[in-house]
Amino acid sequence: MRRAVIQGIGSYLPAKVLTNNDLAQFVDTSDEWIVERTGIRERRIAADGETTCHLAVAAARAALADAGIGADAIDLIVLATSTPDNTFPATATSVQAELGMTRGAAFDVQAVCSGFVYALSVADAMVRAGGAERALVIGAETFSRILDWSDRTTCVLFGDGAGAVVLEAQEGQGSVADRGVLATRLHSDGRHKDKLYVDGGPSSTQTVGHLRMEGKEVFKHAVINIASVMGETLADAGLTAEDVDWVVPHQANKRILDSTAKRFGIPESKVVLTVDVHGNTSAASIPLALDVAVKDGRIRRGDLVLMEAMGGGFTWGAALVRW
Ligand code: UT7
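One gets this note's numbering by counting positions in the sequence shown from 1 and adding 414 to each.
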């Protein structure tokens, strides 16, 4: 059975650190409130002129180096982002050009904070169907550009960054012992589209707009939807929560991660947490967290890793991967 195996991982964070105390200089907030309600202590902010494409290219280069291959070996780029450099073309094509890759296909996927799980699922399906041999799956965001910096209910939550993985087609046995993507599940429910959205766009206002969110509503749905999609994905593979070595969640809020893990019966020690230093980087948060846990030696070859996310739309999903 053909499987899409993760052969390399990399990430990139802009140099500028914005702490909670920095934020308290210009909005009515405090380090204490932000840490207690979200677990966030600091986030990174892209420099002037540093775009989503720049972040994505840096993460992609690190992932290619980790896999020990050049961009010429890649025949698919799927880039998850809600903060593209331009309305079109897809930022993935700019990444393709920067990497010097002239064959294959490159496109963006837009599922906000669920973007990386969506992109991984799409790339996995294409690799398994024979449509690609090696794919770069990237999550990259510059959310600092769509924040209303006078709105304390949203501007304290988000940050910029990028992460990428290299997928490679390999033959597996067709069992859950195989390396690679074992199962993915995607969901959306557009009835909730006004609970987390950006109030601008090319066809509506001809502006970029700012992020707006009903935080409490998002929180409530996130805990329920994430726990349920984690269960569905494990069931698809015939596995249970006890089989999971690591949960790598979308990093939105430590309280969401704690409640979900509790609801799902997974100890906190198995949950990779980076929201304290990255904030919510939307589609970049899962590959950023994965990279941290791989580089510090927690996630090892053969480990069972469950990724999950929920975001605007609402969209939500999970992916189960044997590392
Ligand atoms: O990536 C997926 C999308 N995002 C999420 O998953 C986020 C989901 N939501 C959340 O994480 C939480 O709902 C928030 C962190 C956004 C807010 O936490 P909360 O416990 O739901 O707080 P709240 O909105 O009920 O606000 C409580 C109080 C309010 O004051 P009053 O009305 O009680 O006087 C807010 O005005 O906290 C106030 N508040 C703040 N105070 C200081 C809101 N933001 C801030 C702030 N600093 N930054």
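Built from N, CA and C at the ideal position, the CB exists for glycine as well.
- If the five residues before and after Glu631 are omitted, its C-beta is found closer than 8 Å to the C-beta atoms of His606, Lys609, all from its own chain and listed in chain order.
- For the stretch 650-724, the full-length alpha helix (DSSP H) segments reaching 4 residues or more read 668-678, 689-692, 699-709 along the chain.
- For Arg677, the shortest C-beta to heavy atom distance toward the ligand UT7 is 6 Å or greater.
- Arg677 and Ala641 have their C-alpha atoms some 7 Å from each other.
- Nearest to Gly645 by alpha-carbon distance, out of Tyr611, Asp690, Asp613, Ala597, is Ala597.
- When Cβ pairs closer than 8 Å are counted between the two stretches, the stretch 508-520 is seen to touch the stretch 462-476, the count reaching three or more.
- A check of alpha carbon separations from Ile713 across Thr688, Ser696, His692, Lys684 identifies Lys684 as the nearest.
- Taking every protein chain shown into account, the CB of Glu456 has 16 or more other CB atoms within 10 angstroms, so this residue is buried.
- For Arg417 and Glu585, the gap between their C-alpha atoms comes out near 6 Å.
- The residues Asp659, Trp660, Trp737, in chain order, have a CB closer than 7 Å to that of Asp717 in the same chain once the five nearest residues on each side in sequence are set aside.
- With the rule of 3 Cβ pairs closer than 8 Å, the stretch 523-536 counts as touching the stretch 728-735.
- Counted as a single uninterrupted DSSP element, the stretch harbouring Ile448 is not any beta strand (DSSP E) but the alpha helix (DSSP H) occupying residues 445-452.
- Non-local C-beta neighbours of Thr556 in its own chain, meaning closer than 8 Å and more than five positions away in sequence, comprise Ala460, Glu464, Thr465, Thr466, Leu469, Thr497, Asp574, ordered along the chain.
- One Cα belongs to Asn435, the other to Gln587, and the distance between them is close to 52 Å.
- For Ile423, the closest of Asp480, Met515, Ala438, Val662 by C-alpha to C-alpha distance is Asp480.
- Your pair Ile560 and Val622 checks out as a contact, with CB atoms roughly 6 Å apart and the cut at 8 Å.
- Ranking Gly529, Arg517, Thr619 by CA distance to the CA of Glu547 puts Arg517 first.
- For Ser528, the three-state secondary structure derived from DSSP is helix.
- As the crow flies, the alpha-carbon of Gly594 is around 15 Å from that of Val708.
- In chain order, Val492, Ala504, Ala506 place their CB closer than 7 Å to the CB of Phe521, counting only its own chain and leaving out the 5 sequence neighbours on each side.
- Remark: C-beta atoms of Gly693 and Ile454 approach each other more closely than 7 Å.
- Thr452 and Ala666 have their C-alpha atoms some 8 Å from each other.
- Comparing C-alpha distances from Asp486 to each of Ala494, Thr495, Arg458, Met515 shows the shortest one belongs to Met515.
- Taking all protein chains in view, the Cβ of Thr567 is surrounded by fewer than 16 other Cβ atoms within 10 Å, so the residue is classified as exposed.
- Counted as a single uninterrupted DSSP element, the beta strand (DSSP E) harbouring Arg736 occupies residues 729-736.
- Leu581 is a Cβ neighbour of Ala537, given a cutoff of 7 Å.
- Secondary structure at His601: strand, using DSSP grouped into helix, strand and coil.
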